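Okay, structure first, notes after.
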Amino acid sequence: MDFNIKSGNPEKQRTACVIVGIFESRRLSTAAKAIDAISKKYLSNLIRRGDMDGNKGQYLLLHNVPGMIADRVLLIGCGKEREIDERNYRTIIANSIQALNNTGSLDGVNYLSELSIKGRDHHWKIRQAVQIAEHSLYQFDELKTKKKANRRPLRKITFTVPTRRELPQGEIAMQEGRAIANGIKFTRDLANRPSNVCTPTYLAQQATALGKKHRSLTIDTLEEADMKKLGMGSLLSVSQGSARPAKLITMEYKGSKKAQKPIVLVGKAVTFDTGGISLKPGAAMDEMKYDMCGGASVFGTISAVAELGLPINVVGVIPAVENMPSSTATNPGDIFTSMSGQTIEVLNTDAEGRLILCDAITYSERFNPEVVIDIATLTGAVVIALGKHATGLLSNHNPLARELLNAGDESGDRAWQLPLWDDYQQQLNSPFADMANIGGRDAGTITAACFLSRFAEKYHWAHLDIAGTAWISGNNKGATGRPVSLLMQYILNQAK
Ligand code: BES
Ligand code: MN
Ligand code: ZN
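Residues 166 to 661 in my numbering are what the sequence shown spells out, letter by letter.
Next comes the structure, spelled out in structure tokens:
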């Protein structure tokens, strides 16, 4: 989608469709008032007759409105003006884009980006609007032979700021929004691809392709033999049951001239998680193609950072494996030595995410990181604790946790912190090895993070458990692209 920023009056826009808001009950927004004035009360007459109340979700498409240059005017119900908060704003913008897309307009000028929200400036509103527009028009149909044809597809959306003075701020917001939206689309596409397409090798190829696109990126892929030499016994124990070889992908982005320590993002990429010998039940097992969403979010974030050319250093580390049961797979009780030298008793082969992450976290030491943030669809327990709305956050450094929580609030891609107290560590005790890979029924998300914390003692580290937020199930099944937006907000804040 093409985006654009403008200021100026709605009656002067030469476009297929001008979009303005109507508040509950039957009140005109500023842009709607301007149209009402030029059209000799055309809108207020309509509204008085009861064609539109301004309730949320309502819309009304008008043609040939007197005095307007635009072909159409689309009225969007915004609910009570006082109640427009961040969440309502997002819904209103998404509704307007959906409605616009159904009108047959090739382009539109959207005045809803001027709605006022307490504590949010034009930069925030424009960036969010661009992200939401791209997000709500997303489709994954590359594997359908008959695509849903839209005869007159929407090509360009213009958002508005009230005066010329806000234009520069709006332009920057639009560029950021576009890069983040592209990153999110990249993440969603990778995640939605099935496991027979999106294999560890495929992900490594995607990294190489991304490296060709941006000169600021250096790509490196380790093969199983390389990992063996490094002593990554934990990671390799997961892939040993699969015919598809594991890859450890690194993408280094250098945007800061100075020898600045990088932010290292480690993303779990299990391209399919059957559970291994501790086999998962059959119901909804197809969704375990999404067990690479952490890795996919690192791809999306790195690509957005490179597209914006941010003055900062970021490294993506993606351990990519497939977790299969086979005659060569790990048996429960098998013990492996991790790259850190610590030994692990694998009591459940379905707790595989932590087994690949721990070696990737140890490997990250070589980048001399400022912070390490891992992103993983790690536990079903986080969905029980937080549902599908919040990402679980655990960290060994509270200031880092705060920065990530704030980035979540600001971007609308929210996380919620759980405790990482030492009290939980003993659940990982093993009679035969340094630790077990599971900690029992209680506090499954916390004990998973406790496991990882034992490999992250050398630096500030945070863990994002996205098992509940990375995709949605049911009729609208699909990847969400979370938490690219959160990570980008965090990185943008650091780059300032
Ligand atoms: N990838 C799963 C976590 C998961 C499960 C994400 C369901 C989304 C939905 C992970 O590898 C896993 O299987 N975790 C186990 C851990 C358990 C064996 C300690 C789980 O959560 O059941
Ligand atoms: Mn598993
Ligand atoms: Zn998994």
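Don't be surprised by glycine CBs; every beta carbon is placed ideally from N, CA and C. Every value quoted in this text rests on a predicted model; they were computed, and no experiment measured them.
Asked	Found
A411 vs P365 beta-carbon contact at 7 Å	yes
Heavy atoms of the ligand ZN versus C-beta positions, residues under 5 Å	V435, D438, D456 and G518
H554, buried or exposed, once every other Cβ within 10 Å from all chains shown has been counted against 16	exposed
I603 Cβ short of 6 Å to the ligand BES heavy atom set	yes
Heavy atom of the ligand MN within 6 Å of D216 beta-carbon	no
Reduced DSSP secondary structure (H/G/I, E/B, other) of H554	coil
Heavy atom of the ligand MN within 6 Å of D515 beta-carbon	yes
Runs of beta strand (DSSP E) lying entirely within the stretch 360 to 419, each at least 3 residues, in chain order	382 to 387 and 412 to 419
Any non-hydrogen atom of the ligand FMN within 6 Å of A632 CB	Ligands present in the displayed structure are limited to the ligand BES, the ligand MN and the ligand ZN, and the ligand FMN is not among them.
T466 Cβ short of 6 Å to the ligand BES heavy atom set	no
The stretch 574 to 585 in contact with the stretch 298 to 310 per 3-pair CB rule at 8 Å	no
Cβ neighbour criterion (16 or more within 10 Å) applied to P333	exposed
E176 burial status per 10 Å Cβ neighbour count (16 or more: buried)	buried
CA-to-CA distance, Y589 to L512, given in whole angstroms	18 Å
Distance cut-off 6 Å: G639 Cβ against heavy atoms of the ligand BES	no
Residue closest to R519, alpha-carbon to alpha-carbon, out of Y254, E575 and G398	G398
Residue span of the beta strand (DSSP E) that contains V185, given as start and end	C182 to E189
Beta-carbon proximity of M166 to I187, cut-off 7 Å	no
Check whether E487 and F532 have beta carbons under 7 Å apart	no
Alpha carbon of N315 to alpha carbon of L226, nearest angstrom	19 Å
Cutoff 7 Å: Q263 Cβ touching any chain B Cβ	Absent from the structure: chain B. Only one protein chain is present.
Nearest-angstrom Cα separation, counted from S209 out to S194	11 Å
Simplified DSSP assignment, three categories, for T352	helix
Where the beta strand (DSSP E) through P484 begins and ends	N478 to N488
T180 Cβ short of 6 Å to the ligand BES heavy atom set	no
Which listed residue (A434, G481 and N169) has its alpha carbon closest to that of I384	G481
Closest Cα partner of L308 within the set V362, I467, S503 and D524	V362
Straight-line Cα distance separating L430 from L565	14 Å
H562 - containing alpha helix (DSSP H), residue span	Counting along the chain, H562 falls outside any alpha helix (DSSP H), and DSSP gives it neither H nor E.
Pair within 7 Å by beta-carbon distance, C458 and A181	no
Residue from A338, R358 and G506 whose Cα sits closest to the Cα of R292	A338
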